[in-house]
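Read through the structure below, which is laid out as structure tokens, and then see the notes.
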Amino acid sequence: MHRNLLFLFSVFIALAYAPIAYADGTLGITAVSAEKTYAQADNNFAHGWKWVFALTVPTDEPVLQMKFGNWTKVNSAISPVGNVRFYSAQSSNSTSAGGAIGVNAVDTYGSVMNLLPITNPTFDLSTSTPGRQIQITVEVQIPTGSAGGSYTGSFGISTAPDTTSPVISLLGSPSVIHERGTAYTDAGATAMDNIDGSVTAGIVLSGTTINSSTSIGSYILSYNVSDAAGNAALTVTRSVTVQDTIAPTATVSYSTTTPTNADVVATLEPSEPVTVTNNGGATTTTFSQNGNFIFLFADVANNTGSTTASVANIDKVAPTIANSTLNGVDSNVAVNIASTSVAIALTASEPVNWLSLKVEKQDDSAVYKLFQSGTGCEDGTTSCSKTWTGDLSAGTLSDGAYRVKVRMRDAVGNETEGYLGTTITVDTTAPVITVTGVTSASVNIGSSYTDAGATALDARDGAVSVSSSGSVDTGTIAAYIISYTATDALGNTATASRTVNVVPILVTSITVSGAGSATSISLGNTLQMFASVLPVNATNSAVVWIVQCDNVANNCPGGQFALNLDGGGTISASGLLTPVDSGNMRVRATATDGSGISGTLDITIVN
């Protein structure tokens, strides 16, 4: 309903009014402030009259109008038409003097002032007072030529309730096709009210909730909203058709994806409920070997799809030896395994995680574990790659030919056993050295010496070279050792030696003579004796002189007797013979070098 306030007021005199403060917030003026009551007659609002009205307006009446009568005094009047304007900061269409509402007719309600929506924080100057508290500024300009004096006028204020419904505007298309299985996002709607402004936040959406699992079909979504005055908008609807045109998809899970020597079960994992159209309708299939299988399926809308199960982790083949070397070669090797290891390198057809190496002697049933060190896979204690290297050693193996047995197991348990194509021959027998000539030789001091050397023969290698060490100093009498060493291809070593004695040159003969070749001497005389020693280069040519006779009394030394020698005499160390008795005696010169050689000469003594 409309509410009206009618008042009379005059300028220059304070307006008399009764303030209205309704508890229910009904229309009323609570105060009037006369800002300017003196004016100039110059058609200028800035120089005219001005009042500020404080009003209480019911919150459900957002429309306000004002009317003004003529301003009169005795014999004079001022029309409000074109001379009165009003505005309010709580208005949405006339917030200042620049946008003020003017008066177009006398004593007639004119243009509407729309108040701000109640949701606007500035619509109410006092939220603690019932109703809406606003201020309206009224300005009057005095036409040029108007008579001066005090004028009296009248005005009225009218409000009306909000009966206009908000208007809903649908965003997006009013008819939507939605793909089943996908998320649905509604485009929404907006709503505007002539008083409250945007009431979009209050829109209520009703109807079936559309989401990824909504069944195929057509659905209606309804949008409605009411303004603050309770005016409901005209319901707006959107039609949503849910359809399924997308083919179903699927992934495949596997009983295991790690390497295995067992069967693998593949299970279909569809994106939506489907029916498998092959495989007997089963959603699983079992692989006994690597390969592919295509699942065919259809969803409830009969859209078809397919996906491939691929298995490549089945390994039921035992590893094999791709290649091998012993001591860096792929042919048979021989080794003195008592002191030298055999370097072995194996490459398998695939990575293995268990490896055992043994050797078997070919001429007996004995089996010997060889390896002592290596990189990975020893006794199967650790995983390793396809290539294995290590050393084979066993110092107790007897001589003979051996073959290498290899046992391997891969990561999934496939196992194989076999022999390398190469053999190991163990040889711990050293060569035999033969010293050329005697093993103990003598050489005269000062002479030259050339060693005759030695030869060596090995059971596997045949003739092998011989090295010698040691030397002979023929200028020094001593015993010297010449050593001989021979080593076969496997390192088996033999030694031998020869002893060389550097010895002095011994006397081989002594010839005794007297001075002037005399063989007789008279008593009372002396005879110088001489000893001629051979060889002339004998190391020691010194001799010892003695006389031999049968008569000790004739100065023959004891034990130096010779039959039929009855003379006598003495001989000095230098060989000077002095006779002492007539007759015969023998002069002997004996070498002192230990050779035992001596020479003699019989001398006749006369009176």
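Residue numbers for the sequence shown, in mature numbering (1 follows the signal peptide of the UniProt record, and there is no 0): -23 to -1, 1 to 584. We put the beta carbon where it would ideally sit given N, CA and C, even for glycine.
Reference residue i; option with closest CA among the options
| i | options | result |
| --- | --- | --- |
| F30 | Y15, F132 and Q118 | F132 |
| Y107 | T3, I193, A166 and S123 | The question names Tyr, yet the displayed sequence has Pro at residue 107. Per the Cα distances, T3. |
| R384 | P296, Y196 and G46 | P296 |
| V484 | S575, G258 and A473 | S575 |
| V403 | Y161, S444, A566 and D376 | D376 |
| Y64 | D173, S127, V117 and G395 | V117 |
| G518 | L504, I482, Q505 and S497 | Looking at the sequence provided, one finds Ser at residue 518 rather than Gly. If we check each option's Cα against that of S518, I482 comes out closest. |
| N290 | S248, V441, E249 and P236 | P236 |
| E249 | V277, A18, N60 and K382 | V277 |
| S189 | S183, V441 and V219 | V219 |
| S572 | L511, I523, S549 and T581 | L511 |
| S287 | F270, G75, N279 and S301 | F270 |
| G398 | L323, A456 and S419 | L323 |
| V89 | S71, T104, T234 and P556 | S71 |
| E156 | G59, N280 and D173 | N280 |
| A471 | A259, K382 and D435 | D435 |
| A325 | T405, A550, A455 and R386 | R386 |
Backbone CA spacing between residue i and residue j [nearest angstrom]
| i | j | result |
| --- | --- | --- |
| residue 593 | A224 | Since the first residue of the chain shown is -23 and the last is 584, residue 593 is not available in this structure. |
| N330 | E392 | 10 Å |
| T516 | T464 | 42 Å |
| G158 | V242 | 29 Å |
| P57 | A16 | 15 Å |
| V480 | T453 | 8 Å |
| T228 | I321 | 47 Å |
| S265 | T222 | 37 Å |
| L467 | A433 | 15 Å |
| T359 | G390 | Caution is warranted here: a pLDDT of 46 is assigned to T359, below 50, making its placement in the model unreliable, and no coordinate value can be reported. |
| N201 | S195 | 20 Å |
| D163 | I154 | 12 Å |
| E355 | K335 | For E355, the predicted structure reports a pLDDT of 48, less than 50, and the residue's modelled location is therefore unreliable. A value from the coordinates is still provided. Whole-angstrom Cα-Cα distance: 12 Å. |
| S171 | A206 | First, the residue type needs correcting, since residue 171 is Asn and not Ser in the sequence shown. One C-alpha to the other measures close to 11 Å. |
| T167 | L182 | 12 Å |
| Q42 | Y128 | 23 Å |
| V115 | W26 | 8 Å |
| S(-14) | K50 | For S(-14), the pLDDT reaches just 45, beneath the cut-off of 50, and the residue's location in the model is therefore unreliable, although a value from the coordinates is still provided. Their Cα atoms are separated by approximately 10 Å. |
| D570 | S417 | 22 Å |
| A124 | G130 | 15 Å |
| A77 | V176 | 27 Å |
| A178 | G79 | 35 Å |
| T254 | T263 | 17 Å |
| D84 | I197 | 53 Å |
| V344 | V441 | Per-residue confidence for V344 stands at a pLDDT of 49, beneath the threshold of 50, marking its modelled position as unreliable; no derived number is given. |
| A11 | A23 | 14 Å |
| G59 | M169 | 33 Å |
| G353 | T252 | In this predicted model, G353 has a pLDDT of only 46, less than 50, meaning its place in the structure is not dependable; the value taken from the coordinates is given anyway. When rounded, the distance between both Cα atoms is 51 Å. |
Contacts around residue i, its chain only, beta-carbon distance under 8 Å, and the 5 residues preceding and following it disregarded
| i | result |
| --- | --- |
| E38 | R(-21), L4, T136, A137, P138 and D139 |
Cβ pair residue i, residue j closer than 8 Å
| i | j | result |
| --- | --- | --- |
| W28 | V40 | no |
| L211 | I145 | yes |
| I401 | Y461 | no |
| N469 | A431 | no |
| G447 | A429 | no |
| N256 | K293 | no |
| V34 | L102 | no |
| T451 | I422 | yes |
| residue 611 | F274 | Residue 611 lies beyond the stretch modelled for the chain, which goes from -23 to 584, so this question has no answer here. |
| V521 | S559 | no |
| S230 | T214 | no |
| Q67 | F100 | yes |
| T496 | L554 | no |
| S509 | S494 | no |
| T141 | N81 | no |
| G184 | S199 | yes |
| I580 | I498 | yes |
| V443 | Y426 | no |
Bridge-paired residues (DSSP) for residue i
| i | result |
| --- | --- |
| F264 | V241 |
| R109 | V34 |
| P247 | A227 |
| E12 | DSSP, once it has assigned bridges, lists no residue as partnering E12. |
| T411 | T432 |
Contact set for residue i: own chain, Cβ-Cβ below 6 Å, skip 5 residues either direction
| i | result |
| --- | --- |
| S232 | V241 and V242 |
| I113 | F30, F63 and S65 |
| K338 | G377 and Y379 |
| R109 | V34, T36 and D101 |
| S53 | A124 |
Near the ligand COA: residue i beta-carbon under 7 Å from a heavy atom
| i | result |
| --- | --- |
| G414 | By its list of ligands, the structure shown contains no ligand whatsoever, and the ligand COA lies outside what it can speak to. |
Close Cβ partners of residue i (< 7 Å) along its chain, the five nearest in sequence each way excluded
| i | result |
| --- | --- |
| I459 | D428, S445, G447, S474, R475 and V477 |
Residue-level contact to chain D via CB, residue i, 8 Å cutoff
| i | result |
| --- | --- |
| G545 | No chain D appears in the structure shown, which is made up of a single protein chain. |
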